[in-house]
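Colleague: Quick one: structure below, then a few questions.
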Amino acid sequence: MRIITWNINSVRLREPSLLRLAKKHEPDIICLQETKCPNEAFPEKKLRGLGYTHILKNGIKGYHGVAIISRVPIVGSHQIDYCRRKDGRHLCATIKSGRRTIDIHNFYVPAGGDEADVKTNEKFAHKMSFVREMCRRLQGDAPQYALLMGDLNIAPYEHDVWSSQQLQKVVSHTPQERKALNKLLQTCDWQDVARHFVSADEKLYSWWSYRSTDWKKSDRGRRLDHLWVTKSLLKAVQGFEILKAVRGWQRPSDHVPVIMDIDI
DNA sequence: ATGACGGATCTAATCCGA
288 MRIITWNINS VRLREPSLLR LAKKHEPDII CLQETKCPNE AFPEKKLRGL GYTHILKNGI
348 KGYHGVAIIS RVPIVGSHQI DYCRRKDGRH LCATIKSGRR TIDIHNFYVP AGGDEADVKT
408 NEKFAHKMSF VREMCRRLQG DAPQYALLMG DLNIAPYEHD VWSSQQLQKV VSHTPQERKA
468 LNKLLQTCDW QDVARHFVSA DEKLYSWWSY RSTDWKKSDR GRRLDHLWVT KSLLKAVQGF
528 EILKAVRGWQ RPSDHVPVIM DIDI
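Read in the numbering used here, the first sequence has 537 at position 250, and its numbers run on one by one without any break.
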């Protein structure tokens, strides 16, 4: 099974890129973040034409929003309003593989604003509460077979950013966020698929700012998009890739898709 | 300043992203 996570930054604007991605890589399941689209306006006709007939949406107007697009049957689903805000940041699809039931969680963690201080910055407080709530709920859930993916908006390790030193006070790479994400990783014994395949001293990014005049040349990226699996599924993971080339497509998202092949 | 762009919104200037 092939699975992709992608912060698409507007599914309506980038429908052509989504179809191109689907045709080129033929994923079974695509988890999207930042669809920025109400559910009734989600462009799904052409996706259905490609065989993606199982589509879950948790969208709101204008901001955020997540979706799960699948060509394999989804046997169950739920969404949780983290921090009691109806802001489209979580979806879970359940699929069956033989006798196994596998939960696929798709998250869009809040960005957290500018200042890394929960007392003065409400957005940062929201982000930290969101990750704490993920810990609590997933621990309570304690699934044996599960996948967790999405835009977690935290680059946890030194080589997940272009300069750990220069970004240590920048939201997404502060010590408290890195610590919180590691704590989350330890709940349910999640395994970071990217770092299973790519050594810790190798730079790895999934996001490059729009503000750079030449994103490729400056290459000041961050690894904000993640693919995790429960420990019992790690040996089933056959491959992983960050699709960097997609950043160079016409009218790109600032995030690129992350892809995984898993034998389930 | 790392870097000033790109998306959505009651189409114009404002909020948001990270």
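Even for Gly, the Cβ is constructed at its ideal location relative to N, Cα and C.
If you're wondering where the values come from, they're calculated on a predicted model, not measured in any experiment.
Between Leu300 and Ser459, what straight-line distance do the alpha-carbon atoms span, to the nearest angstrom?
Modeller: Computed Cα separation, rounded: 26 Å.
Colleague: Looking only at C-alpha atoms, which of Trp293, Arg358 and Leu472 sits nearest to Glu313?
Modeller: Nearest option by C-alpha distance: Arg358.
Colleague: Using the beta-carbon count (16 or more within 10 Å), is Asn440 buried or exposed?
Modeller: Answer is buried; the Cβ neighbour count reaches 16.
Colleague: Using DSSP with H/G/I as helix, E/B as strand and the rest coil, what is Gly352?
Modeller: It is coil, neither helix nor strand.
Colleague: Check whether the Cβ atoms of Thr381 and Asp374 sit closer than 7 Å, and answer yes or no.
Modeller: No; because the gap between Cβ atoms is not below 7 Å, this pair is not in contact.
Colleague: Assuming Gln426 contacts Ser519 (C-beta within less than 8 Å), just tell me the rounded distance between them.
Modeller: Their Cβ separation, rounded to whole angstroms, is 16 Å, which puts Gln426 and Ser519 out of contact at 8 Å.
Colleague: Helix or strand or just coil, what does DSSP make of Met436?
Modeller: In this structure, Met436 counts as strand in the three-state DSSP scheme.
Colleague: Looking only at DSSP bridge pairs, what is Ala380 linked to?
Modeller: Ala380 pairs with Ser364 and Ile391.
Colleague: According to DSSP, simplified to helix, strand and coil, what is Trp536?
Modeller: Coil at Trp536, not helix or strand.
Colleague: Pick helix, strand or coil for Val543, following the three-state DSSP scheme.
Modeller: Reduced to three states, the DSSP call for Val543 is coil.
Colleague: From Gly399 to Gln463, what does the alpha carbon distance come to, in whole angstroms?
Modeller: Gly399 and Gln463: Cα-Cα distance of roughly 12 Å.
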